[in-house]
Amino acid sequence: MKVLVATEKPFAAVAVNGIREVVEGAGYELELLEKYGSKQELLDAAATADGLIIRSDVVDAEVLDAAKNLKVVVRAGAGYDNVDLAAATAHGVCVENTPGQNSNAVAELVFGMTVMAVRNMYDGTSGTELKDKTLGIHAFGQVGRNVARIAKGFDMQVSALDPYCPDEVMTEAGVKPVHSVEELYGDNKFVSLHIPATAETRGSVGYDLLMRMPKGGVLINTARKEVIDEAGLAKALEERPDLKYVADVKPDSAEDLKARFGSRVFFTPKKMGAQTSEANINAGIAAARQTVAFLRDGVDRFRVNK
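Below, the structure written as structure tokens:
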């Protein structure tokens, strides 16, 4: 069997070595497709693959049509909206992610951007501290839990909203459970977004929620740009000069927002939450282990499609 690692943005060399050790150690062939310049290269390479490991690479119906032998796709990372799940299910292909492998890296970036925001982008003016401030975590998955852990080190007061997470889990982590978005945004000066982009969440964070935030509110987005209603965001920033928005996911209207609101908004040049050497290695090797486990034993613990 063949496992294809298709990464337009390659894994670190040490991660590739670890992936190779796992895959070839299981008796499978490993093929690398790195920094490819066209979709056709991906289609050609996928044609003979039994397993496919990707990062932010798009796996749509065309790729699945070309990959006649494909049995499993593993996305090295938590998000998987770059994979057409319905098409994968129709093709009989298991899709998995690697939850938790990038979570500390993303959580640390949350605070890197937050400190920068409260210190006014280090422009020499007086800022504020995070100690004793309120932080709301929108979704209490692996990243959210790491955000809570770090926030405790800043002596912040932390609450979280996640209908899929039992209150007891939050309470045990020293986090106050809340049960509505209105409460989460209304009671917290800082809100950190970790919700996936789904039909339910796309465009769900906008004017009404931002206007509920206390004076000096900061919204931090290391999730997906699609969950933001950008028109509503702009309207709230216009009406509330005290609000700030920082994101690891550059919005479609980034240039307009920067022109209008200057240092009150900040966006990384590309999605960088998982861009650490540690996360790169962890996610890549986890993806290799999960691919082998599925091909060899049918283990699909991290399956995300039905």
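Numbered according to the working numbering, the sequence shown spans residues 19 to 324.
Each residue gets a CB set at the ideal place from its N, CA and C atoms; glycine is no exception.
Since the model is a prediction, treat every value here as computed from it, not as a measurement.
Discussion item. I need the DSSP call for Ile238, collapsed to helix, strand or coil.
Written reply: strand
Practice prompt. Give a yes or no on contact between the region 263-280 and the region 242-251, applying the rule of three or more CB pairs nearer than 8 angstroms.
Written response: yes
Worksheet item: Beta carbon of Pro195, beta carbon of Asp205: below 7 angstroms?
Response: no
Discussion item. In whole angstroms, give me the CA-to-CA distance for Ser56 and Ser74.
Written reply: 15 angstroms
Discussion item. Going by the DSSP bridge assignment, what does Gly69 pair with across the sheet?
Written reply: Val21 and Val90
Worksheet item: With C-beta atoms as the reference, is Val193 less than 7 angstroms away from Val176?
Response: yes
Discussion item. Assuming Ile72 and Arg38 are in contact, meaning their beta carbons sit under 8 angstroms apart, how far apart are those beta carbons, in whole angstroms?
Written reply: That pair is no contact at about 16 angstroms.
Worksheet entry | Spatial neighbours of Glu47 in its chain, beta-carbon cut-off 6 angstroms, leaving aside the 5 residues before and after | Lys20
Fill in: Residue burial classification, Glu114 (beta-carbon count within 10 angstroms, cutoff 16)
buried
Worksheet entry | Contacting residues, own chain, Cβ-Cβ under 7 angstroms from Lys27 (five flanking each side not counted) | Arg73 and Ser74
Worksheet entry | Ala44 versus Asp315, Lys324, Arg319 and Asn323, residue with shortest Cα-Cα distance | Asp315
Practice prompt. Have a look at Asp346 and Val40 and give me their C-alpha separation to the nearest angstrom.
Written response: Absent from the model: residue 346. The displayed extent of the chain is 19 to 324, so no value can be given.
Worksheet entry | At least three beta-carbon pairs within less than 8 angstroms, the region 163-170 to the region 122-129 | yes
Item to complete: Please name the residue, chosen from Leu148, Leu61 and Leu251, that lies closest to Lys207 on a Cα-to-Cα basis.
Response: Leu148
Fill in: Cβ-Cβ distance between Asp260 and Gly234 below 7 angstroms
yes
Worksheet entry | Identity of the residues DSSP links to Ser177 by a beta bridge | Gly154 and Lys194
Worksheet item: How big is the Cα-Cα spacing for Glu200 and Leu227?
Response: 7 angstroms
Fill in: Straight-line gap, Lys86 to Lys324 (C-alpha atoms, nearest Å)
19 angstroms
Practice prompt. Can you tell me which of Ile238, Glu80, Leu88 and Asn120 puts its alpha carbon nearest to the alpha carbon of Thr294?
Written response: Asn120
Item to complete: Run the CB neighbour count on Val32, radius 10 Å, all protein chains shown included, and call it buried at 16 or more, exposed below.
Response: exposed
Item to complete: Specify the secondary structure class of Leu103 as computed by DSSP and reduced to three states.
Response: helix
Item to complete: For Ala241, collect the residues of the same chain with a Cβ closer than 6 angstroms to its Cβ; drop the 5 residues on either side in sequence, then sort them by chain order.
Response: Leu211, His212 and Ile213
Discussion item. Per the DSSP calculation, Ala265 is bridged to which residue(s)?
Written reply: Asn239 and Phe285
Item to complete: Just mark Gly142 as buried or exposed, buried being the case when its beta carbon has 16 or more other beta carbons within 10 Å.
Response: exposed
Discussion item. With DSSP as the reference, identify every bridge partner of Asn35, one or two as the case may be.
Written reply: Paired residue(s): none; Asn35 is not in a bridge.
Worksheet item: Among Val91, Lys53 and Val81, which one has its Cα closest to the Cα of Asp62?
Response: Val81
Fill in: Proximity below 7 angstroms, CB of Leu179 to CB of Leu153
no
Fill in: Contact belief for Leu88 with Asp68 at Cβ below 8 angstroms, rounded distance in angstroms
7 angstroms
Item to complete: Could you pull the start and end residues of the beta strand (DSSP E) that Leu148 belongs to?
Response: Segment: none, Leu148 is in no beta strand (DSSP E) and carries neither H nor E.
Worksheet entry | Met118 versus Glu296: straight-line alpha-carbon distance, rounded | Rather than Met, the amino acid found at residue 118 in this sequence is Gly. Gly118 and Glu296: Cα-Cα distance of roughly 12 angstroms.
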